[in-house]
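The structure appears below as structure tokens.
2 protein chains.
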Amino acid sequence: MGTAPDASGAPTVTIRDVAREAGVSHQTVSRVINGHSAVADATRHRVEAAIDLLGFRPNHAARELAGKAARSLTVLTSDTSLYGAASTLRGIEEAARAASFAVAVSVLDRHAHPDRAELRARLARPGEPVVVIAFDAPGVHALRLLPADTPVVAAVEHPSGSEPVSSRPQAWLDDRLAAAHATRHLLGLGHRTVHYLALPSSTADVAQRTQGWLDALRAAGAPEPPVVEGGWTPRTGYLAARELVADRSVTAVLCGNDDVAAGVMRAAREAGRHIPDDLSVAGFDDVPVAAFLAPALTTVRLDFEGLGRTCFGLLHRLLDPAAPAPDPCDEPALIVRESTGPWHGAGE
Amino acid sequence: MGTAPDASGAPTVTIRDVAREAGVSHQTVSRVINGHSAVADATRHRVEAAIDLLGFRPNHAARELAGKAARSLTVLTSDTSLYGAASTLRGIEEAARAASFAVAVSVLDRHAHPDRAELRARLARPGEPVVVIAFDAPGVHALRLLPADTPVVAAVEHPSGSEPVSSRPQAWLDDRLAAAHATRHLLGLGHRTVHYLALPSSTADVAQRTQGWLDALRAAGAPEPPVVEGGWTPRTGYLAARELVADRSVTAVLCGNDDVAAGVMRAAREAGRHIPDDLSVAGFDDVPVAAFLAPALTTVRLDFEGLGRTCFGLLHRLLDPAAPAPDPCDEPALIVRESTGPWHGAGE
DNA sequence: CGCGCCCGAGTGACCGGTCACATAGCCGCA
DNA sequence: TGCGGCTATGTGACCGGTCACTCGGGCGCG
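Order-wise, the sequence lines are chains A and B. Be aware that the first sequence starts at 0, since it is given in numbering that gives the first Met the number 0, and climbs by one per residue. Be aware that the second sequence starts at 0, since it is given in numbering that gives the first Met the number 0, and climbs by one per residue.
What follows is the structure, encoded as structure tokens:
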């Protein structure tokens with residue numbers, strides 16, 4: 000009968016089995032499953048019935064081998080446990096699944112940068128489409144090393160002017176605007192200036208958040224304190240902030256993300272400073288716990304899932320120009336909570 | 000020359016090109032790339048040189064089509080932004096990459112349970128190996144619906160006695176012990192009893208954390224308050240706890256995870272209760288921000304990455320009995336911080 | 001010295017799709 | 001009525017590996 004049970008017990012049914020069942024040629028079956036138009040309705044229905052009856056499922060490997068593009072992509076990211084990366088991944092997966100693409104994940108080491116060979120090995124086949132979540136240095140580095148023949152889209156902190164990164168499609172959130180929002184909010188509360196505790200920069204360029212912060216400072220004619228470099232985690236925020244919060248002239252701190260802000264708030268408490276009366280703290284991302292911290296964190300909500308969906312959309316269009324244009328992401332939104340408050344001057 | 004550049008510009012080099020270059024047959028090349036023993040050293044070296052020279056990379060699709068098992072697996076999980084699931088995924092990916100398996104991710108909707116057909120569609124090919132992160136109902140549901148012929152390993156909250164879930168290999172952390180640890184700690188501080196704010200249960204059975212909590216309560220002869228059902232997020236913890244913390248006889252609350260605990264702590268503050276003097280709160284997981292909350296959260300650290308590695312190891316052995324046994328996970332470890340404190344009775 | 005065996009290597013079919021091309025039937029139109 | 005062209009379908013090769021065989025030659029052994 001041609002459909003002998005294989006080792007796992009499941010009978011493997013091929014298009015030729017379906018063809019025999021429907022009384023047509025295997026090619027006609029191929030046309031039906033690919034939605035080709037030149038098939039008579041009656042024939043199409045017969046084939047579809049046979050497919051249902053036999054429980055036929057096309058074999059991806061065979062299809063790919065025969066030259067059809069595989070509907071799959073690989074996401075290269077450096078740390079899936081960080082909120083931004085995890086949410087972006089979710090967005091990619093969601094959009095990809097809707098377009099019936101399979102999503103593979105490959106996690107980059109935060110410290111050991113892979114070389115070209117390793118990167119190629121992670122990609123399974125040459126030409127495998129890739130989305131790089133390049134918020135940090137390992138991601139940007141990987142983006143740089145990706146072979147020229149791979150279709151690549153990057154989620155970046157900001158569009159880079161430096162080659163060859165800029166030659167590939169990119170998506171980003173308006174971090175500059177987000178930072179400016181938050182900074183203006185703090186200045187509007189009466190703070191003389193705002194200190195900025197930055198995330199590790201992904202490139203040599205000035206980060207967009209830093210830029211937005213400077214934009215707002217300059218627009219207000221406020222002093223520009225030096226940027227403090229931190230990390231991604233609460234711990235690094237805590238460590239970096241201990242010095243900062245000991246300085247009573249620092250009255251408002253903008254943090255690279257909400258996790259860092261949590262660390263900063265702790266350092267502030269330990270230094271005997273009271274938030275927000277005595278010190279204002281704001282973050283970025285609006286992680287789920289932000290609203291429940293003590294005090295609840297003022298932050299800028301960033302649409303990472305939308306960013307992920309956009310990345311997939313861009314990649315899809317790269318592979319198939321007929322694919323629909325991706326929906327735009329939400330604009331960054333300042334969420335004012337309890338961790339920022341008015342400043343009435345040192346004398347108060 | 001047989002290696003005409005394809006559309007993307009990359010010349011496709013096959014096993015036969017390598018064979019020609021090395022002056023051997025294509026089968027010998029196949030033997031070399033599969034590490035087959037019956038190849039003379041001189042021949043092997045010649046072939047390897049040809050592979051390097053030509054930059055040959057085996058074609059996965061062809062290999063799979065020809066009957067070789069694909070080194071890939073799919074992770075089915077319901078929410079990659081939750082710490083436990085994200086960390087488990089990381090562990091799986093890490094171990095899988097070390098064994099050169101590709102990892103695909105498919106995210107289950109928290110509310111809409113997929114049917115068999117949808118699940119099959121997510122799996123690309125019949126027989127695709129799967130790891131299900133089944134900490135919650137959608138995961139357990141998916142586990143139940145997976146076709147019998149797919150190799151499946153599940154990361155579960157606890158081993159289930161109910162068929163057919165139990166017939167598949169499973170890995171779990173010792174949640175019962177973890178809960179007992181935390182409960183004993185609280186009872187040891189002088190609390191008359193401990194209230195438990197549970198996660199949504201994944202099955203009809205009594206959850207292991209609930210069980211461990213009851214174990215400790217019973218061993219101490221403490222009263223057994225009813226379990227309060229909550230969710231996974233800070234918000235659900237906050238909402239569920241508002242009633243609980245209004246009751247002054249509640250002096251210690253164990254929360255299903257750290258996120259929930261953060262919500263509970265907020266509800267407690269709003270109710271005018273002071274942690275830990277007035278109310279003790281503990282969680283599970285030890286998320287990165289736990290140590291930086293106000294107050295720093297007492298919690299039980301769980302080795303989710305180890306769990307993920309174990310899951311992969313189990314799956315690997317399922318596919319290839321010669322694969323090495325996975326390393327054991329770390330035991331749950333109680334991390335005492337500031338959110339739990341002694342209770343001296345209502346009179347104090 | 002002759003036989004059989006094993007090692008190293010080669011040959012051709014096959015996996016399950018797709019593609020390019022061939023072909024039969026039907027229509028309209030000159 | 002004959003012919004071109006279109007539509008619906010069939011035929012066979014091919015993608016790049018692997019598998020089951022075949023085959024030749026060197027060696028040990030009786």
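Don't be surprised by glycine CBs; every beta carbon is placed ideally from N, CA and C.
A/L142 is positioned such that its CB atom lies no closer than 8 Å to that of A/V130. The C-alpha of A/P320 lies about 27 Å from the C-alpha of B/R124. Sixteen is the threshold: when 16 or more other Cβ atoms of the shown chains lie within 10 Å of the Cβ of A/P331, as they do, the residue is buried.
Note: B/S105 is bridge-paired with B/L75 in the DSSP secondary-structure output. Between A/V104 and B/V104, the C-beta spacing is below 8 Å. Residue contact check for B/V288 against chain A: a CB pair falls below 8 Å. Cβ-Cβ distances below 7 Å link B/D173 to E330 and P331 in the same chain, with the five nearest sequence neighbours on each side left out; the list follows chain order. In this structure, the straight-line span from the alpha carbon of B/G189 to that of A/G262 is close to 31 Å.
Rounded to whole angstroms, the Cβ separation of B/V139 and B/S99 is 30 Å, and the two are not in contact under 8 Å. Counted as a single uninterrupted DSSP element, the beta strand (DSSP E) harbouring A/W171 occupies residues Q169 to W171. Around the beta carbon of B/Q26, fewer than 16 other beta carbons sit within 10 angstroms, so the residue counts as exposed. One Cα belongs to B/V102, the other to B/W231, and the distance between them is close to 26 Å. Secondary structure of A/A332 (DSSP, three-state): strand. For A/S166, not one C-beta of chain B is nearer than 8 Å to its own C-beta. At a cut-off of 8 Å between C-beta atoms, A/Y195 does not count as an interface residue with respect to chain B.
In this structure, the beta-carbon distance from A/P233 to A/D135 does not fall below 8 Å.
Assignment of beta-bridge partners to B/F283 by DSSP yields B/V299.
The secondary-structure analysis by DSSP pairs B/L196 across a beta bridge with B/V227 and B/C254. With 16 or more other Cβ atoms from the protein chains shown falling within 10 Å of its own Cβ, A/N256 counts as buried.
For A/P233, at least one C-beta of chain B is nearer than 8 Å to its own C-beta. The Cβ-Cβ distance between A/V244 and A/L278 falls below 8 Å. With contacts defined as CB atoms closer than 8 Å, A/A97 and A/G307 fail to qualify as a contacting pair. In the three-state scheme derived from DSSP, where H, G and I count as helix and E and B as strand, A/A49 is classed as helix. For A/I132, the three-state secondary structure derived from DSSP is strand. Within the segment 240–265 of chain B, those residues whose Cβ lies closer than 8 Å to any Cβ of chain A are, in chain order, D258, A261, G262, M264 and R265. Assigned with DSSP and collapsed to three states, B/A95 falls in helix. B/T73 and B/E127 have their C-alpha atoms spaced approximately 7 Å apart. With 16 or more other CB atoms across the displayed protein chains lying within 10 angstroms of its CB, B/D284 is buried. Counting along the chain, B/V28 sits inside the alpha helix (DSSP H) bounded by residues H25 to I32. Bounds of any beta strand (DSSP E) do not take in B/A324, whose DSSP letter is neither H nor E.
As the crow flies, the alpha-carbon of A/H157 is around 10 Å from that of A/A133.
A/S338 has a beta carbon lying at 8 Å or more from every beta carbon in chain B.
The continuous beta strand (DSSP E) containing A/V155 extends over residues V151 to V155. Residues of the segment 104–133 of chain A that bring their beta carbon within less than 8 Å of a beta carbon in chain B comprise V104, S105, V106, R119, A120, R121, A123, R124, P125 and G126, in sequence order. When 8 Å is used as the limit between beta carbons, B/A267 is near no residue of chain A, the shortest such separation being about 10 Å.
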